[in-house]
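Down below is the structure, laid out as structure tokens.
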Amino acid sequence: MLPGDYRSPFNPLDGPRHGVGLVEGWRGTIAHRVEIDTSGNLSRVKIVDPSFFNWPALPVALAGDTIVPDFPLANKSFNLSYAGNDL
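Written out as structure tokens, the structure reads:
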């Protein structure tokens, strides 16, 4: 395989393949999902940032008698990524 050649070393495939990888990052779980077509080419890749799993906790932390100015403190406490949620 040449550098930059990301095709599967198994050629030809008898069908499409897929896989999932999970790893623990410093902000939480990082998830990867990869699909490979029958030619051995990447057909789909999805990376999920830890913020995707942690955003639902923010409204719970702000429930009750919290006020709007508490949002920046709670947001920084969770260290959530706005851009990472859109990967």
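Quick note on my numbering: the sequence shown kicks off at 6 and runs consecutively.
Even for Gly, the Cβ is constructed at its ideal location relative to N, Cα and C.
Asked: Per DSSP, the bridge partner or partners of Val65; Found: Paired residue(s): none; Val65 is not in a bridge.
Asked: Cβ shell of His37 (< 6 angstroms), same chain only, five flanking positions each side left out; Found: Gly26 and Ile52
Asked: Own chain residues within Cβ distance below 8 angstroms of Ala62, not counting five before or after; Found: Phe83
Asked: Whole-number beta carbon distance between Ala88 and Ala79, since they are thought to touch under 8 angstroms; Found: Not a contact, Cβ separation roughly 19 angstroms.
Asked: Nearest-angstrom Cα separation, counted from Pro74 out to Ser48; Found: 44 angstroms
Asked: Pairwise C-alpha distance: Lys81 and Val28; Found: 23 angstroms
Asked: Ser56 versus His23: straight-line alpha-carbon distance, rounded; Found: 24 angstroms
Asked: Buried/exposed call for Ile72, threshold 16 Cβ in 10 Å; Found: exposed
Asked: Paired residues, beta bridge with Thr34 - DSSP; Found: Glu29
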